[in-house]
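Remarks on the structure that follows.
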Amino acid sequence: MSRTSFTLALALASLPACSDSADPACLAGARICRGSIVQLCEPETGTFVDEQICPTTTRCAAGACVAIAFADATVGEDAAGGDGTDAEAGAETGAEAGAETGAETGAETGAETEAETGAETETGAEAEAGAETGAGAETEAETGAETETGAETGAGAETGAEAGAETGAETGAETETGAETGADAGAEIVADTAADLLGPPVPFTPLTHHMVYDRIRNIVLLDDLRRVAWHPWGGWALIAGSGGKLGRFALDDSAMTALPALGGSVEGLVADPAGEFFLAVGTDAAGDGVLWRIAIEGDGTGEVTTLALTQGDGVAVVPNPDGERFAVGTSRKSGGSYINTLLVWRDGDGVVASKAYAGAGLRDLMWASPSLYAGSDAIVTGDGLDGASSQTWVLASDLLAGNGWSPGFGNPGGGGWRPGGSYGVFTAWTTNKLYVFDGAWTLATLPGVGTAASPNAIAWSPDGRRALIVGRAIGTPLRAVVIEHRPLDATAFDPSALIDMSVPDFGDKPWWGTGNVQLQAAAWQPDEACAGGLIVASDASSSATSPDFGILIRFRDADDPGCWP
Numbered sequence: 003m004s005r006t007s008f009t010l011a012l013a014l015a016s017l018p019a020c021s022d023s024a025d026p027a028c029l030a031g032a033r034i035c036r037g038s039i040v041q042l043c044e045p046e047t048g049t050f051v052d053e054q055i056c057p058t059t060t061r062c063a064a065g066a067c068v069a070i071a072f073a074d075a076t077v078g079e080d081a082a083g084g085d086g087t088d089a090e091a092g093a094e095t096g097a098e099a100g101a102e103t104g105a106e107t108g109a110e111t112g113a114e115t116e117a118e119t120g121a122e123t124e125t126g127a128e129a130e131a132g133a134e135t136g137a138g139a140e141t142e143a144e145t146g147a148e149t150e151t152g153a154e155t156g157a158g159a160e161t162g163a164e165a166g167a168e169t170g171a172e173t174g175a176e177t178e179t180g181a182e183t184g185a186d187a188g189a190e191i192v193a194d195t196a197a198d199l200l201g202p203p204v205p206f207t208p209l210t211h212h213m214v215y216d217r218i219r220n221i222v223l224l225d226d227l228r229r230v231a232w233h234p235w236g237g238w239a240l241i242a243g244s245g246g247k248l249g250r251f252a253l254d255d256s257a258m259t260a261l262p263a264l265g266g267s268v269e270g271l272v273a274d275p276a277g278e279f280f281l282a283v284g285t286d287a288a289g290d291g292v293l294w295r296i297a298i299e300g301d302g303t304g305e306v307t308t309l310a311l312t313q314g315d316g317v318a319v320v321p322n323p324d325g326e327r328f329a330v331g332t333s334r335k336s337g338g339s340y341i342n343t344l345l346v347w348r349d350g351d352g353v354v355a356s357k358a359y360a361g362a363g364l365r366d367l368m369w370a371s372p373s374l375y376a377g378s379d380a381i382v383t384g385d386g387l388d389g390a391s392s393q394t395w396v397l398a399s400d401l402l403a404g405n406g407w408s409p410g411f412g413n414p415g416g417g418g419w420r421p422g423g424s425y426g427v428f429t430a431w432t433t434n435k436l437y438v439f440d441g442a443w444t445l446a447t448l449p450g451v452g453t454a455a456s457p458n459a460i461a462w463s464p465d466g467r468r469a470l471i472v473g474r475a476i477g478t479p480l481r482a483v484v485i486e487h488r489p490l491d492a493t494a495f496d497p498s499a500l501i502d503m504s505v506p507d508f509g510d511k512p513w514w515g516t517g518n519v520q521l522q523a524a525a526w527q528p529d530e531a532c533a534g535g536l537i538v539a540s541d542a543s544s545s546a547t548s549p550d551f552g553i554l555i556r557f558r559d560a561d562d563p564g565c566w567p
């Protein structure tokens with residue numbers, strides 16, 4: 003399949019296909035853009051063909067490769083436990099001028115000049131007030147103005163309003179008889195009705211341009227897709243859906259295949275770094291906590307071993323960087339709080355250490371950098387059900403310690419420690435915040451989205467230079483929340499390295515999404531052939547008795563040659 007045959011769901015407005023009626027006529031010397039590719043007219047065939055792929059630091063505009071101008075990505079930070087106000091207003095002005103010269107029998111040389119001026123202003127107001135009760139009582143209040151096209155409340159009401167102006171002037175080539183041919187003289191039709199992609203402020207240099215998204219045709223797993231994990235050598239991924247259903251995604255042909263179901267509910271899924279098995283945790287059909295060891299045989303799965311988790315429901319499983327141990331988290335409701343149990347599990351040995359504590363319900367875990375705790379391994383918890391808290395289990399001393407979690411924070415959800423890095427992140431699944439831990443906590447706000455964003459998970463690339471944060475579908479027009487974090491070579495957390503990469507036009511073809519859709523999890527390909535991976539999401543149906551197929555999304559870097567179809 004050619005690289006131009008895939009649908010590019012860009013944050014930039016996409017151009018019509020060459021055969022569309024809106025295309026300029028194919029005359030000698032005419033050039034147009036197809037994503038990041040410059041195409042040149044072949045008069046003999048009357049078609050446009052690939053001429054040049056724009057380099058990483060440029061994009062295609064007006065039939066030429068031009069430097070990318072990144073807009074500021076502003077991130078507001080609220081004081082812990084207090085009210086915060088974020089205000090963002092952006093204006094973009096672009097001017098492009100291009101000259102093209104074409105010679106054709108019976109036609110004069112034509113000159114084309116194009117100017118575009120656009121202004122966008124987005125203003126939104128949000129207010130959220132909530133009370134949470136766990137082991138104690140918490141109250142969180144947030145008011146702010148966000149770069150969202152409307153107003154949102156904690157109840158999820160959204161109103162969108164956008165205002166924009168564009169003025170274009172085009173002069174077409176004239177024929178020898180003096181008649182103007184307008185677009186027929188090879189002028190490019192520029193469909194740039196969206197703002198340029200949000201990026202970090204200069205002089206921060208991005209690794210690449212932007213993410214594009216392809217919908218993978220899933221016809222084997224009904225209802226929500228919940229978790230995804232790649233085989234360590236790449237090439238295929240295991241996907242867990244509702245009811246413990248399993249599917250295999252093959253990268254070479256983008257095909258989904260159904261596998262024998264586990265039954266029950268899968269809450270966590272990871273691959274053994276050595277490539278021998280997958281581990282999943284959750285509850286079985288009877289509602290009891292279990293850990294499933296799913297053997298890997300060739301390019302598929304084999305024997306499944308089910309291990310009882312008597313401490314509670316399986317909630318999370320995370321491999322240690324040493325590749326031999328796994329942190330497993332369980333949780334069980336007990337009166338007005340939860341009993342959470344942390345386990346260290348090793349293949350062949352089973353549980354080798356455990357620690358229990360009471361508090362808010364456990365949502366996820368992270369292995370912290372040993373440098374924070376005098377060289378000891380440590381597990382950091384995100385407790386975000388019926389309350390909000392975090393603990394650190396220091397394995398060398400077998401002590402459970404508080405880690406400075408602010409009582410003003412909201413509910414932590416999905417977590418992930420930066421590979422080889424000095425900090426980890428929990429998403430705030432009830433709002434639009436991140437909780438960043440490097441020995442102390444930092445609060446950050448996701449750019450370009452309101453409090454209804456509800457980020458569910460964070461997924462780090464294997465090299466730790468990039469991460470995706472995924473949430474729910476919001477706004478008018480509908481978009482699915484994806485925020486990219488690009489620390490690159492920086493060692494400390496930088497809130498300016500958060501970029502809105504949401505899936506645009508999510509209510510339209512090929513997505514047909516609704517406000518019910520939640521992006522549940524993401525995973526990057528383990529090899530370095532392509533900076534991309536998979537996002538799994540719920541189905542678009544609001545009916546529990548009439549589910550649709552779960553939504554599977556492939557994300558990939560538009561400017562990474564290894565990602566081209």
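Oh and the sequence shown: position 552 is 554 in my numbering, straight run, nothing missing. Here a beta-carbon is modelled for each residue, glycine too, at the ideal position from N, C-alpha and C.
Using CA atoms only, rank isn't needed, just tell me which of Phe439, Ser256, Gly441, Asn434 is closest to Ala454. As a first step, residue 454 is located in the sequence shown; it is residue number 452 there, counting from the start. Nearest C-alpha to Ala454: Asn434.
By the 10 Å Cβ neighbour count, where 16 or more other Cβ atoms means buried, how is Thr429 classified, buried or exposed? Numbered from 1 along the sequence shown, position 427 holds the residue referred to as residue 429. So Thr429 counts as buried.
Buried or exposed: Lys511, going by 16 or more other Cβ atoms within 10 Å of its Cβ? Here residue 511 corresponds to residue number 509 of the sequence shown, with the count starting at 1. With fewer than 16 Cβ atoms within 10 Å of its Cβ, Lys511 is classed as exposed.
In whole angstroms, what separates the C-alpha of Asp502 from that of Gly350? The sequence position of residue 502 within the sequence shown is 500, counting from 1. The sequence position of residue 350 within the sequence shown is 348, counting from 1. Pairing Asp502 with Gly350, the inter-Cα distance amounts to about 43 Å.
DSSP state of Tyr375 mapped onto helix, strand, coil: Position 373 of the sequence shown holds residue 375. If DSSP states are grouped into helix, strand and coil, Tyr375 belongs with the helices.
Among Trp443, Arg488, Arg481, Thr547, whose alpha-carbon lies nearest the alpha-carbon of Asp464? The residue you call residue 464 lines up with position 462 of the sequence shown. First, the residue type needs correcting, since residue 464 is Pro and not Asp in the sequence shown. Of the candidates Trp443, Arg488, Arg481, Thr547, the residue whose Cα lies closest to the Cα of Pro464 is Arg488.
Is the beta carbon of Val396 less than 9 Å from the beta carbon of Ser378? For the purposes of this step, residue 396 is taken as the residue at position 394 of the sequence shown. For the purposes of this step, residue 378 is taken as the residue at position 376 of the sequence shown. Their beta carbons are under 9 Å apart, which means Val396 touches Ser378 by this criterion.
In the DSSP output, what is Glu486 paired with across the bridge? Taking the sequence shown and counting its residues from 1, one reaches residue 486 at position 484. Beta-bridge pairing links Glu486 to Leu470, Ile501.
Per DSSP, cross-strand counterpart(s) of Lys435: For this step, residue 435 is matched to residue 433 along the sequence shown. DSSP, once it has assigned bridges, lists Thr447 as partnering Lys435.
Going by beta carbon distance, what residues of the same chain come within less than 6 Å of Pro549, once the five residues before and after it are set aside? In the sequence shown, counting from the first residue as 1, residue 549 sits at position 547. Closer than 6 Å at Cβ, skipping near neighbours: Leu224, Asp225, Asp541, Ser543.
Relative to the C-alpha of Pro323, which candidate in Ala533, Gly423, Lys247, Ile553 has its C-alpha closest? For the purposes of this step, residue 323 is identified with residue 321 of the sequence shown, where counting begins at 1. It is Gly423 whose Cα lies nearest to the Cα of Pro323.
In angstroms with no decimal places, state the Cα-to-Cα distance between Leu387 and Ser456. Taking the sequence shown and counting its residues from 1, one reaches residue 387 at position 385. Taking the sequence shown and counting its residues from 1, one reaches residue 456 at position 454. Roughly 14 Å separates the two Cα atoms.
Would you kindly report the start and end of the unbroken beta strand (DSSP E) that includes Glu299? Taking the sequence shown and counting its residues from 1, the one referred to as residue 299 is at position 297. Residues 291 to 299.
Can you say whether Ala362 is buried or exposed, counting buried as having 16 or more other CB atoms within 10 angstroms of its CB? Mapped onto the sequence shown, residue 362 falls at position 360. Ala362 is buried by the Cβ-count criterion.
Close-in-space but distant-in-sequence residues of the same chain around Asp496 (CB under 7 Å, 5 per side omitted): Taking the sequence shown and counting its residues from 1, the one referred to as residue 496 is at position 494. So the qualifying residues of the chain are Pro489.
Sort Gly552, Ala533, Ser545 by Cα distance to Ala213 and report the nearest one. Taking the first residue of the sequence shown as position 1, residue 213 is located at position 211. The question names Ala, yet the displayed sequence has Met at residue 213. That would be Ala533, whose Cα lies nearest to the Cα of Met213.
Kindly confirm or deny that the region 468 to 475 and the region 514 to 531 touch, where touching means at least three C-beta pairs closer than 8 Å. yes
Here's a check: name, in chain order, each residue in its chain whose Cβ is nearer than 6 Å to the Cβ of Trp347, leaving out the five neighbours to either side. The count along the sequence shown starts at 1 and reaches residue 347 at position 345. Within the same chain, Trp347 has close Cβ partners Phe328, Val330, Val353.
In angstroms with no decimal places, state the Cα-to-Cα distance between Ala355 and Ala282. Counting from 1 along the sequence shown, the entry for residue 355 is found at position 353. Counting from 1 along the sequence shown, the entry for residue 282 is found at position 280. Each residue's Cα considered, the two are about 19 Å apart.
Taking just the CA atoms, how far does Ser504 sit from Cys43? Taking the first residue of the sequence shown as position 1, residue 43 is located at position 41. Taking the first residue of the sequence shown as position 1, residue 504 is located at position 502. About 33 Å.
Where Ala524 falls: helix, strand or coil (DSSP): Translated into the one-based positions of the sequence shown, residue 524 becomes position 522. Strand, per DSSP.
Which whole-angstrom value describes the C-beta separation of Gln313 and Arg334, a residue pair presumed to lie in contact below a C-beta threshold of 8 Å? Here residue 313 refers to the residue found at position 311 of the sequence shown. Here residue 334 refers to the residue found at position 332 of the sequence shown. Between the beta-carbon of Gln313 and that of Arg334 there is about 7 Å, and that keeps the pair under the 8 Å contact cut.
Between which two residues does the beta strand (DSSP E) holding Arg365 run? For the purposes of this step, residue 365 is identified with residue 363 of the sequence shown, where counting begins at 1. Run containing Arg365: 363 to 370, per the beta strand (DSSP E) assignment.
Could you pull the DSSP bridge partners for Pro414 from this structure? If you number the sequence shown from 1, residue 414 lands on position 412. Bridge partners of Pro414: Ala430.
Which listed residue (Asp254, Asp315, Gly277) has its alpha carbon closest to that of Ala297: The residue you call residue 297 lines up with position 295 of the sequence shown. When Asp254, Asp315, Gly277 are compared, the shortest CA-CA separation from Ala297 is found for Gly277.
Output yes or no for whether 9 Å exceeds the beta carbon distance between Leu264 and Arg250. Taking the first residue of the sequence shown as 1, we reach residue 264 at position 262. Taking the first residue of the sequence shown as 1, we reach residue 250 at position 248. For Leu264 and Arg250, no; Cβs fall outside 9 Å.
Checking 9 Å against the spacing of the C-beta atoms, do Thr444 and Gly412 come in under that value? Here residue 444 refers to the residue found at position 442 of the sequence shown. Here residue 412 refers to the residue found at position 410 of the sequence shown. Going by C-beta atoms, Thr444 is not nearer than 9 Å to Gly412.
According to the Cβ coordinates, are Gly270 and Ala288 closer than 9 Å? Along the sequence shown, read from residue 1 onward, the residue named residue 270 stands at position 268. Along the sequence shown, read from residue 1 onward, the residue named residue 288 stands at position 286. In this structure, Ala288 does not lie closer than 9 Å to Gly270 by Cβ.
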